[in-house]
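Each remark here refers to the structure printed beneath this line.
4 protein chains.
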Amino acid sequence: MLVVMKKSSTENELAGVMQKLTQSGLAGHMSRGVERTVIGVVGQTYPELRDTLELLPGVDEVIPISKPYKLSSREFQPEDTVISVGDVVIGGDKLAIIAGPCAVETEQQLLETARAVKAAGANILRGGAFKPSTSPYQFRGLGKRGLELLAQARAETGLPFITEVLTPQDVELVERYADILQVGARNMQNFNLLDEVGKVRKPVMLKRGMAATIQEWLLSAEYILAQGNRQVFLCERGIRTFETYTRNTLDISAIPSIQKLSHLPVIGDPSHGTGRWYLVPPLALAVVAAGADGFMVEVHPNPDMALKDGAQSLTFDNFERLMRQVAPVAASVGRRMPVEPEEEHGE
Amino acid sequence: MLVVMKKSSTENELAGVMQKLTQSGLAGHMSRGVERTVIGVVGQTYPELRDTLELLPGVDEVIPISKPYKLSSREFQPEDTVISVGDVVIGGDKLAIIAGPCAVETEQQLLETARAVKAAGANILRGGAFKPSTSPYQFRGLGKRGLELLAQARAETGLPFITEVLTPQDVELVERYADILQVGARNMQNFNLLDEVGKVRKPVMLKRGMAATIQEWLLSAEYILAQGNRQVFLCERGIRTFETYTRNTLDISAIPSIQKLSHLPVIGDPSHGTGRWYLVPPLALAVVAAGADGFMVEVHPNPDMALKDGAQSLTFDNFERLMRQVAPVAASVGRRMPVEPEEEHGE
Amino acid sequence: MLVVMKKSSTENELAGVMQKLTQSGLAGHMSRGVERTVIGVVGQTYPELRDTLELLPGVDEVIPISKPYKLSSREFQPEDTVISVGDVVIGGDKLAIIAGPCAVETEQQLLETARAVKAAGANILRGGAFKPSTSPYQFRGLGKRGLELLAQARAETGLPFITEVLTPQDVELVERYADILQVGARNMQNFNLLDEVGKVRKPVMLKRGMAATIQEWLLSAEYILAQGNRQVFLCERGIRTFETYTRNTLDISAIPSIQKLSHLPVIGDPSHGTGRWYLVPPLALAVVAAGADGFMVEVHPNPDMALKDGAQSLTFDNFERLMRQVAPVAASVGRRMPVEPEEEHGE
Amino acid sequence: MLVVMKKSSTENELAGVMQKLTQSGLAGHMSRGVERTVIGVVGQTYPELRDTLELLPGVDEVIPISKPYKLSSREFQPEDTVISVGDVVIGGDKLAIIAGPCAVETEQQLLETARAVKAAGANILRGGAFKPSTSPYQFRGLGKRGLELLAQARAETGLPFITEVLTPQDVELVERYADILQVGARNMQNFNLLDEVGKVRKPVMLKRGMAATIQEWLLSAEYILAQGNRQVFLCERGIRTFETYTRNTLDISAIPSIQKLSHLPVIGDPSHGTGRWYLVPPLALAVVAAGADGFMVEVHPNPDMALKDGAQSLTFDNFERLMRQVAPVAASVGRRMPVEPEEEHGE
């Protein structure tokens, strides 16, 4: 932490700051520039100290220089985190490709989709049983019945599944069924929920909040890590901007940024990121080209009949076509597809 | 709902849309312009229908024309909602002025502050017992002990109090102590929490989410109203923008906008809105001048020792000075102060 | 400027940074914390140096600590700038109230409006002769003829006028007619235009760009000041955010922020700030309550016939009503109206 | 244009709207829904009509349904525009790869860079002679001398060059030297400049403004097209959002969005889009994978000595490495590199 004094600050004010630091059990190292005096603070600081110091007379600005997250930082762990879900690996050289309907609607809808995405080469199934919904009058998911259907689809296809948990009370139930728990964008700062999924022994995918900075996102990951769950990966799903043509603005630069700052795997979600099905394939390719560990897309047997997010869902054909386009792009950036031709022959 | 066809759409495509509407139990009224054909949809539509229709061939755009919120709309209830908390009224001609520390820290800190804000003319006490915190390493509140201290401050000063509830499990506990429950900005779309506070028999203050549109905010209020709790008021607390000088951008235009669209009372929070104590007084005056039903500010006996949000807290002196400045502005826009001189004599 | 080294940086890397500073004619003061080493840079730095230093091995971050604007800063000039335009003063204890049509359309439209706003108590007339227009197919103003009509309205009413200049070539022409030159939001970073109005001997009102930070806004003012024109005042007119209910988000907190950082007068424009006429009066009151030096609003004899911005224009009646509401709010915050009752009698 | 009446509107109000339309030479087609009445407006409407109608009593909302841009729309011209600059083609199956320093600084700096980017496979040289600069105290370019050096570099390497023009007066000068004129982000709504480059017989690259929607961007292109210059291509360079880790947020979804809405070629600029050199290669790959017609990056012989934007410039080595990474990604999405191995042998 650095305390920058005002040009017009007095020696008394300087002494006041130094005294405050001493009282707080810290040391201050003064550096007198031509224009300004700056005090480097040494010792165990805490975020609130910034506010405290900024209020002292003569202080112009207080600048934190240590990053506020620790367990999620590259400095803490230089090697990439690799997460295993059965045979599936998230964060290795193979892409994780998560596909399925936005919401679980019926047994037929889910099973058909699970078979189709498996056939096209996805390695994780998605499907919402508990759905967050902007309006109280919209479909809010099948709940436990949705989890059972997802388990049935897993049993049939062998695909592990990810599903969203909305509230701390449901964590135990969702953990019992799901292979991976999802914390959605609207809950990125639902700290009680973060605590709860931090106590779970299954991987957690943390979506970026609509208005969350990269730093805030890593701090939310820190909540989960701090509870002992180190199997965390991140999902960029678009941020809110002034642009209205797309539902959100998919911030692809967040992918290499996270990889620089953190050891956690990171994927992209072009379905929520764009909100328009015809933008999903080019953005999925962009996500892979930018170096992501995978992507998640919504697939539906009949998007124009979907109860939720039909406009951003791919048909089976479109998903299959996308997977064929992804393969060479993945190879170009040194990644392998979840299921490779050779392996297919072996099956 | 209006379906706008593409310039290049064919008669067949038009027929396809009309058929789809019939299948969905709706009727379509066609209007052929020189450039475009538009179909007005008649019947009980639902939000997902938009996505469905937009995917049909020949369709350019689908435009919803009914507002998606009902119970919170002015059309549903033309008269202003007025909320009573004991003697205190929110939404009437008297301002509701909520003041107190960001977080309850100690008995002394809270009681001193409660006495000071009462003496200066506030009519509701605030104080956080459960605190949302961006980092897991920051202070997260005293919990139940904080509620007990707030109840003690109420007993001593007579001020009703408002405090935040973070998670559905805590609703019952918080309801037992608090006069008003607060749903914070980060939880504006925590739908399980909204459901839960909708079942409570006490007023709820719903803060606007950092990236929430006015429409989304009203839809979140709709969740609470739809559960049967009609004692809801709103609090504008700043939205996230590109500007970094202030912590958020206080959207004062949201106040008259809400008053136009909804019957619910609305107040402003210049402490979180600006994040800098010296901006709080001018913005509090602006909030009142814009016609708000009141405001909420953070007051602390010793801001530079505050465990949370010291930089945006007013000292007792600053709060008292602000209250003296507010009085004539309130009078200018036809509002009375919570405690008026005459009344004080009467007490 | 402060250079923060990485935790993992080596002594060699540290030496490299110190050497680079020496080569650049600067001195470095090292401060070794427990976690990090920080180097305070002493001497005449320049913005590009930041980029240069950030690329050196071992460097984590470079933090500029001097504000990049000088002539516009409070530190450079502690007393408020006060601008005189004939009898009208901008930045003193009287409010500057600028009113008139968005665009000059006809002699009758302009003269009627000029008389009406004068009668209601405005002290500066506005009217666009050169109009920026998002689409090439919209009305772009009457040009020189508009300036002539404005001069005629001034001759008749005695009101000085402000009008926008769009391009460097027009500065001479506009200067010949206008009392105050306006640089609009879209041109806030049209640096050639800023240079040109910096050479003029008339006051300039600089509007904030739609996506400009407060710091960038002051840097644009700095361009004008640096050319020798010290008669600059600022106008907050709303920034672009995700909210679509209002045309822009009027950032009222920018008003006291500018007053803290700079000595330049600052006013607000609730017409462009909101884009809806019924939001203009409450926001104008909020601007005054927040301490602005005045405001600017659009007034039109017949808003539903306006060629431009009718939806945000006030009728004569609405403007007159607003002026009556402003008077007590202005008095509450220690400001006088441009024309006060006593004075009116004297005329 | 559609006029949506309020639920509570009366027959009289309805008649008033119909009468207003008739007066304006338009026809109205009424469609009475269960909840609302909607009037479809038939005839030649204009943007201001919206404001006019919205002010009439009983009107809830007016919705424009025709897109406001014409010449730039896909509906106007279904086939892709292809631009030729000598042998170089922008918008065809070969990528356009534009590289060079942010600013022209010296003959040696420019020539070295031109040779290096040519050797690595770029087909267009970039370099700023007139530089927009946030602060008046920063480097603003070499002006005409910069143009001469660019012409010299072209003569030596055969690479056509693009350079920015800042103000209408300079258009003639810049046109005389440059192969492609650039209109920068800050000037996207400098309408006089757009008019002027619209009269030129050379291609124009129009960068997206920092806060411009896709629609506004196309409307600015429309200005140039409307003056008769049909050789326009677009460059996405990042929009301003709340995120501060990156300089801007590169909106890659704008690339396929533009391709859907318009026939104009579109490229991406990951240097300005991210502001950090280590994010440039992954984002350049993402731009190509998303289907762009090319990209533009800043390359400098010695980024830590650059007078401008060193932090986002690639070294020669980094650029060459990037070009090798681009080749397979381009092939994956059906694009060819500007200079292909076979061709190189042929030269």
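In order, the protein sequence lines correspond to chains B, C, E and Y. Per the numbering used here, the first sequence runs over residues 1098 to 1444. Per the numbering used here, the second sequence runs over residues 1098 to 1444. Per the numbering used here, the third sequence runs over residues 1098 to 1444. Per the numbering used here, the fourth sequence runs over residues 1098 to 1444. The beta-carbon is built from N, C-alpha and C at its ideal position, and this holds for glycine as well. Only a predicted model underlies this, so the values are computations on that prediction, with no experimental measurement involved.
Beta-carbon gap between residue i and residue j smaller than 7 Å
i	j	result
Ala1200(Y)	Gly1238(Y)	yes
Glu1261(E)	Gln1279(E)	yes
Ser1128(Y)	Ser1128(C)	yes
Thr1254(B)	Lys1299(B)	no
Val1138(C)	Met1098(C)	yes
Ala1318(C)	Met1285(C)	no
Glu1333(B)	Gly1372(B)	no
Gly1325(Y)	His1369(Y)	no
Between the CA atoms of residue j and residue i - distance to the nearest angstrom
i	j	result
Val1430(E)	Ala1381(E)	14 Å
Glu1444(E)	Leu1331(C)	Residue confidence for Glu1444(E) is low, a pLDDT of 39 falling below 50, so the modelled location carries little weight; the figure read from the coordinates is stated next. Straight-line Cα distance between these residues: approximately 48 Å.
Gln1206(B)	Leu1376(Y)	40 Å
Ser1232(E)	Gly1295(Y)	14 Å
Met1102(Y)	Val1426(C)	37 Å
Tyr1342(Y)	Ser1230(E)	33 Å
Leu1246(B)	Phe1227(B)	13 Å
Gly1218(E)	Ala1387(C)	21 Å
Leu1263(Y)	Ala1282(Y)	10 Å
Ala1408(C)	Gly1188(C)	30 Å
Val1114(B)	Glu1395(Y)	44 Å
Val1185(C)	Gln1235(C)	34 Å
Val1436(C)	Ser1410(C)	22 Å
Val1329(B)	Ile1259(B)	13 Å
Gly1243(B)	Ile1277(C)	36 Å
Val1385(Y)	Glu1172(Y)	25 Å
Ile1352(C)	Val1179(B)	48 Å
Val1268(E)	Phe1288(Y)	16 Å
Beta-carbon neighbours of residue i, restricted to chain B and to distances below 8 Å
i	result
Asn1284(C)	Asn1287
Cross-chain neighbours of residue i in chain Y, by beta carbon under 7 Å
i	result
Pro1400(E)	Leu1152
Proximal chain Y residues relative to residue i, where beta-carbon distance stays under 9 Å
i	result
Glu1395(E)	The premise fails here: Glu1395(E) is roughly 11 Å from chain Y at the closest Cβ pair, so nothing lies under 9 Å.
Ser1128(C)	Leu1099, His1126, Met1127, Ser1128, Val1135, Ile1136, Gly1137 and Val1139
Beta-carbon neighbours of residue i, restricted to chain C and to distances below 9 Å
i	result
Ala1226(B)	Under the 9 Å cutoff, chain C gives no residues; its nearest Cβ is about 14 Å from Ala1226(B).
DSSP bridge partner residues for residue i (one or two, in chain order)
i	result
Ile1321(Y)	None; Ile1321(Y) has no bridge partner.
Gln1279(E)	Glu1261(E) and Met1302(E)
Val1100(C)	Ile1136(C) and Val1159(C)
Ala1250(C)	Bridge partners of Ala1250(C): none, in fact.
Leu1331(E)	Leu1303(E) and Val1363(E)
Arg1433(B)	Lys1191(B)
Thr1346(E)	Ile1336(E)
Partners in chain E for residue i, counting only beta-carbon separations shorter than 8 Å
i	result
Lys1104(B)	Glu1172
Where residue i meets chain C, residues with beta-carbon distance less than 8 Å
i	result
Leu1316(B)	Thr1231, Ser1232 and Pro1233
Partners in chain C for residue i, counting only beta-carbon separations shorter than 7 Å
i	result
Arg1327(B)	In chain order: nothing, as chain C lies at least about 14 Å away.
Chain B residues whose Cβ lies nearer than 7 Å to that of residue i
i	result
Leu1099(E)	Leu1099 and Val1135
Arg1337(E)	Phe1339
Ile1160(E)	Ile1160
Listed by chain order, chain E residues near residue i by CB distance under 7 Å
i	result
Ala1351(Y)	What Ala1351(Y) touches in chain E: nothing, since even the nearest Cβ is about 16 Å away.
For the 8 Å Cβ check, are there 3 or more pairs between the stretch 1353-1360 of chain C and the stretch 1149-1162 of chain C? no
At a cut of 8 Å, does the stretch 1297-1306 of chain B reach the stretch 1243-1250 of chain C through at least three beta carbon pairs? no
Looking at C-beta atoms only, is the number of pairs between the stretch 1391-1406 of chain E and the stretch 1188-1196 of chain E that lie closer than 8 Å three or more? yes
Would the stretch 1404-1422 of chain E and the stretch 1104-1112 of chain Y be scored as touching if the rule is three or more Cβ pairs under 8 Å? no
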